[in-house]
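Going by the working numbering, the sequence shown opens with residue 5, and the numbers climb by one from there. We put the CB at the ideal spot given by N, CA and C, even for glycine. Report on one structure; see the data block that follows.
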Amino acid sequence: MRALQNTGKRWAVAAGISAIGLVASASVAMGAPTGGTQAADTSATRGVYMTRAMMLTVGQVAKADPGQGWSVQRDRGILPRTWCGPTSQEGLRVAQRLARGYTDDMSKTGAQYLSRYNTTADAKKAYASIVATVKACKGAKPKSPTHGRKLTVTSNVKAGDATTILRWYDYPLPNDPGSEAGTFPYAVTVKGTTVSVLAFWGYGQGVKPANFRKLAVAAAAKLPG
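Here it is, written out as structure tokens:
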């Protein structure tokens, strides 16, 4: 548990984080309508304009990861910081951004970050930089004297133009048997000029790999073509 206190429970206010594009304050229960467009949205002259209809709903999260209590969707307010920081959420030259959070209102959180770029080349560069950031995640370094960390990478996911799933796992060493493990999975997808990042956090094994893969595929299916 101690090793997780400085990672999974870090919270950030929407407009206060550089270039993250988080959203500002309200939440809705599963099945309720979502809030308005976040204040941090920006416009662009090229590419397909993004809407919240292109994002996963908490109902879809609950369907892909059943029995885990996913019930609250946040389109405004405070979202958890991702374990690997702001550069794991978007690339450079962002034309538009949206963010949405999910939680069981207890011990599990997740978020989707959409970013749009003026060209497919910029989107591909953003995708590559995000994947590289998660692989070299500063949240996993330096190693804790009581916890070990490992990363698994799955790059053969058939979703969007390209999708990579990266899963950081934080686990207690024998010298700290009372501590809890934590899991931080990411799913990064590029499709056309849009990049989607799913970043989740939970105790223990977190969202099961098969269920998180379902989330990645579902998220990619909602992106503009």
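Query raised in the report: What are the start and end residues of the beta strand (DSSP E) that includes residue 126?
Result: DSSP places residue 126 in no beta strand (DSSP E) but in the uninterrupted alpha helix (DSSP H) bounded by 124-139.
Requested in this report: With DSSP as the reference, please indicate the residues paired to residue 195 in a beta bridge.
Outcome: Residue 195 pairs with 198.
Query - Minimum C-alpha distance to residue 100 - residue among 112, 198, 154 and 167 - result: When only C-alpha atoms are compared, the closest one is 198.
Query raised in the report: Roughly how many angstroms lie between the CA atoms of residue 210 and residue 175, to the nearest whole one?
Result: Using only the alpha carbons, I get a separation of about 12 Å.
Report task. Mark residue 114 as exposed unless 16 or more other C-beta atoms lie within 10 angstroms of its C-beta, in which case mark it buried. Result -> It counts as buried.
Requested in this report: Return the chain-ordered list of same chain residues with a C-beta closer than 6 Å to the C-beta of residue 158, the five sequence neighbours on each side being excluded.
Outcome: Counting only Cβ-Cβ distances below 6 Å, and skipping sequence neighbours, we find 169.
Query raised in the report: Where do the N-terminal and C-terminal ends of the alpha helix (DSSP H) with residue 63 fall, by residue?
Result: Note, residue 63: alpha helix (DSSP H), 62-68.
Query raised in the report: Three-state secondary structure (DSSP) at residue 156?
Result: Residue 156: strand per DSSP, three-state reduction.
Query raised in the report: Can you give the Cα-Cα distance for residue 207 and residue 173, rounded to whole angstroms?
Result: Cα-Cα distance, rounded: 10 Å.
Query - Nearest residue (CA-CA) to residue 150, options 58, 185, 90 and 213 - result: When each option's Cα is compared against that of residue 150, the closest is 185.
Query - Contact between the segment 96-110 and the segment 67-87 (3+ Cβ pairs under 8 Å) - result: With three or more CB-CB distances shorter than 8 Å, the segment 96-110 counts as touching the segment 67-87.
Query raised in the report: Are three or more beta carbon pairs between the segment 49-68 and the segment 81-95 nearer than 8 Å?
Result: No contact exists between the segment 49-68 and the segment 81-95.
**Report entry** Spatial distance of residue 118 from residue 204 (CA atoms)
**Finding:** As the crow flies, the alpha-carbon of residue 118 is around 15 Å from that of residue 204.
Report task. Identify every run of the beta strand (DSSP E) within the segment 66-97, keeping only runs that are complete inside it and at least 3 residues long; order them along the chain. Result -> Counting only unbroken stretches of 3 or more residues, the beta strand (DSSP E) elements lying wholly within the segment 66-97 are 76-80 and 82-84, in sequence order.
Report task. Starting from residue 170, follow the beta strand (DSSP E) in both directions and report where the run begins and ends. Result -> Element bounds for residue 170: 166-176.
**Report entry** Under the three-state DSSP convention, the category residue 25 falls into
**Finding:** With a pLDDT of only 35 at residue 25, under the threshold of 50, the placement of this residue in the model should not be trusted; the figure read from the coordinates follows. Looking at residue 25 - three-state DSSP - the assignment turns out to be coil, as it is neither helix nor strand.
Query raised in the report: For the candidate residues 216, 194 and 187, whose alpha-carbon lies nearest to that of residue 111?
Result: Here the closest residue by C-alpha is 187.
Query raised in the report: Taking C-alpha atoms, which residue in 153, 193 and 228 lies nearest to residue 87?
Result: Nearest option by C-alpha distance: 153.
Requested in this report: Assuming residue 192 and residue 131 form a contact by the criterion Cβ under 8 Å, report the distance between their Cβ atoms to the nearest whole angstrom.
Outcome: Contact flag correct, Cβ pair sits at about 6 Å.
Query raised in the report: Is it true that the CB of residue 54 sits closer than 9 Å to the CB of residue 223?
Result: It is not a contact, given that the beta carbons lie outside the stated cut-off.
Requested in this report: Please report how far the alpha carbon of residue 227 lies from the alpha carbon of residue 147, in whole angstroms.
Outcome: Cα to Cα, residue 227 sits roughly 36 Å from residue 147.
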